[in-house]
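Please read the structure below before turning to the comments.
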Amino acid sequence: MRDSVNLEDTKMAKSNGKKANPTKAKAAPKKKAAKVTAATATNNGLPKPSNKPYGQAGLALQGVRILDFTHVQSGPTCTQLLAYMGADVIKVERPGVGDITRGQLRDVPNADSLYFTMLNGTKRSITIDSKHPKGMDILNRLIKTCDVLVENFAPGALDRMGLTWEYIHKLNPRMIVASVKGFGPGPYEDCKVYENVAQCAGGAASTTGFREGPPLVTGAQIGDSGTGLHLALGIVSALYQRIRTGRGQKVLCAMQDGVLNLARVKLRDQQRLAHGPLTEYSQYSEGIPFGKAVPRAGNDSGGGQPAWLLKCKGWESDPDAYIYFITQAPVWESICDVIGEPTWKTDPDYATPKARLPRLKKIFERIEVWTMTKTKFEVMDICNALDIPVGPILSMKEIAEDESLRKTGTVVEVDHPTRGKYLTVGNPIKLSDSPARVERSPLLGEHTEEILSKVLGYSAAEIADIKKSGAIAPPEKSKAAA
Ligand code: CAO
22 MRDSVNLEDT KMAKSNGKKA NPTKAKAAPK KKAAKVTAAT ATNNGLPKPS
72 NKPYGQAGLA LQGVRILDFT HVQSGPTCTQ LLAYMGADVI KVERPGVGDI
122 TRGQLRDVPN ADSLYFTMLN GTKRSITIDS KHPKGMDILN RLIKTCDVLV
172 ENFAPGALDR MGLTWEYIHK LNPRMIVASV KGFGPGPYED CKVYENVAQC
222 AGGAASTTGF REGPPLVTGA QIGDSGTGLH LALGIVSALY QRIRTGRGQK
272 VLCAMQDGVL NLARVKLRDQ QRLAHGPLTE YSQYSEGIPF GKAVPRAGND
322 SGGGQPAWLL KCKGWESDPD AYIYFITQAP VWESICDVIG EPTWKTDPDY
372 ATPKARLPRL KKIFERIEVW TMTKTKFEVM DICNALDIPV GPILSMKEIA
422 EDESLRKTGT VVEVDHPTRG KYLTVGNPIK LSDSPARVER SPLLGEHTEE
472 ILSKVLGYSA AEIADIKKSG AIAPPEKSKA AA
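Here it is as structure tokens:
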């Protein structure tokens, strides 16, 4: 709140042609400040509120051009999201090779894999050999015309291409250079990192799984996609700051940091351990002492409301016939009624959250006797009507077929020239004035000529010359063409 007041004051001072002075602005009399805020609300350097209907005033990131040097998953997640929001994302790929994921985990012969297509929608692809002199000329022009360069190469790779921060910033002082790396500065800064390395090094794996088993990685790509999301926020923040400063900056997201940010409740628990056992962990109700570090908590809730995963009708043959059941304190009486234990409402052993803590195992066993008589969807219907928070375990098959996710655009079917129709995850962030732009991924180099001529202004003769040089096509091809 205070920051936003200062921001208003800074803008106001600028619009008055005076240098902003936050100290003076803070000391300004209240009445005067209120008057100024009202004035800035109308002109404040912003255009008048659009009269166009919501959703027809362009896309949120329209006009932002991204030089996308990303590959595999973490970087592509970030730039795909920015493309969904309206940015023009130009993906640079190595001639003849492309992003390695184009060919990884292939399900349809000779077609780009789902690994690639689901992470690179709504982008344009240009092939450029960055180690070829003519390739570097093209990159120089791209650097001059783009707002953001996003990359997730191994540490040092961008510098080895000659694209140091100093070089880029000299060519285009407004350029934001955003990077994903495995680790931040420190002993591991030079290491290459993939998803599960980040999950392990970010503290997530040591706290995932069952106490009696080894550490476990999770299926959600919190290291790759999670860090891509962090990077996207860093980029839009830097774009916003650039409006005031006129200059770009470096944005760095280390995957270890991104995972730790998502696992912050476990660092919370690590500190709580110094003050006694973690009473909401089922190991407490089982009388098993805690060690020095946060243990694996199985399906415990991780929050203040005890919860567990319970079998539902059909669990013997359906591996996903489970419900996640939260014994939220305010609805405890409804839970007692629905499972057929009305006496637990007043029994001093069960009536209060504190009394229940050492008995959680027994309580969940009893609730499970009830859930096993119902399908997970029946439990959902019954419990939601009573305000009891529960969640069905949905398989990916169920998600793929879920009509409501299709309606909201969270799951989208797109058509691809070589692989046909496929499902992708649309924009999970819904903006009321900026509809998501979810399109298929580009073929390798599909937009090379279009970008060279329309974005960078090369003439037809220059493009023919570049083609012959081998800078945008593999050497064999260019030789054959010559
Ligand atoms: N033209 C010419 N060369 C190109 C090029 C182009 N258009 N695009 C890439 N290259 C080159 C790079 O210059 C680099 O060459 P050098 O090593 O000779 O400098 C090389 O291709 C690729 O670099 P890389 O080391 O990044 O690739 P890799 O497959 O060996 O490693 C990964 C992959 C992901 C481990 C590494 O990039 C990394 O640690 N990235 C940072 C962390 C990250 O994002 N991890 C998430 C990956 S998703 O699970």
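For the record, in the sequence shown the residue sitting at position 269 is 290 according to our numbering, with numbers rising by one throughout. The beta-carbon is built from N, C-alpha and C at its ideal position, and this holds for glycine as well. All of these numbers come straight from a predicted model, not from anything done at the bench.
Not one heavy atom of ligand 1 falls within 6 Å of the beta-carbon of F311.
About 6 Å separates the CB atoms of R145 and I472; that is less than 8 Å, so the two are in contact. Of Y209, H153, L160, the smallest CA-CA separation from P176 is found for Y209. Remark: C-beta atoms of K287 and V257 do not approach each other more closely than 7 Å. Contact annotation: the stretch 104-119 does not touch the stretch 289-306, with fewer than three C-beta pairs closer than 8 Å. Contact between M196 and D168 is confirmed by a C-beta separation of about 7 Å, below the 8 Å threshold. Per DSSP, the beta bridge partners of I347 are A328. Relative to the Cα of R232, the nearest Cα in the group T364, F311, N161 belongs to F311. Contact check for G205 and K213: beta-carbon distance about 15 Å, past the 8 Å limit, so the pair fails to qualify. In this structure, Q326 has its beta carbon at no less than 6 Å from each heavy atom of ligand 1. The beta-carbon separation of N173 and S462, rounded to 17 Å, does not stay under the 8 Å limit for a contact.
Taking C-alpha positions only, A225 is separated from V201 by approximately 19 Å. For E216, the Cβ falls inside the 6 Å cut-off from some heavy atom of ligand 1. DSSP, reduced to helix, strand and coil, places S258 within a helical segment of the structure shown. In the three-state reduction of the DSSP assignment, T91 falls in the coil class.
Q277 is a Cβ neighbour of A219, given a cutoff of 7 Å. DSSP places P363 within a helical segment (H, G or I) once states are collapsed to three. In this structure, DSSP gives H468 a state outside helix and strand, which the three-state scheme calls coil. By the criterion of at least three beta-carbon pairs nearer than 8 Å, the stretch 395-408 is in contact with the stretch 322-340. In this structure, the CA atom of S416 is about 15 Å from the CA atom of S425.
Taking V435 as reference, the option from T429, K428, R427, L444 with the minimal CA-CA separation is L444. Remark: the C-beta of D89 is outside contact range of ligand 1, defined as less than 6 Å to any heavy atom. In the DSSP assignment, E483 falls within the alpha helix (DSSP H) that extends over 481-490. P116 is positioned such that its CB atom lies closer than 7 Å to that of P495.
Cβ-Cβ distances below 6 Å link P410 to I347, Q349 in the same chain, with the five nearest sequence neighbours on each side left out; the list follows chain order.
Counting the other CB atoms within 10 Å of its CB gives P97 a total of 16 or more, which places it among the buried residues.
Cβ atoms of G107 and L82 come within 8 Å of each other, at about 4 Å.
Shown here for S95: same chain residues with a beta carbon closer than 6 Å to its own, the five before and five after excluded, namely N173, V201, D245, T248, G249 in chain order.
In this structure, Y75 sits away from S455, with a CB-CB distance that is not shorter than 7 Å. Per the coordinates, the alpha-carbon of K418 lies some 40 Å from the alpha-carbon of D150.
Nearest to F90 by alpha-carbon distance, out of P340, G79, A421, I164, is I164.
For R162, the three-state secondary structure derived from DSSP is helix.
DSSP places C167 in the coil class of the three-state scheme, outside both helix and strand. Beyond the five residues adjoining it in sequence on each side, G255 comes within less than 7 Å, by CB distance, of A199, V272, C274 in the same chain, given in chain order. By the C-beta density criterion, R289 is exposed, having fewer than 16 other C-beta atoms within 10 angstroms. Pairing T469 with I493, the inter-Cα distance amounts to about 8 Å.
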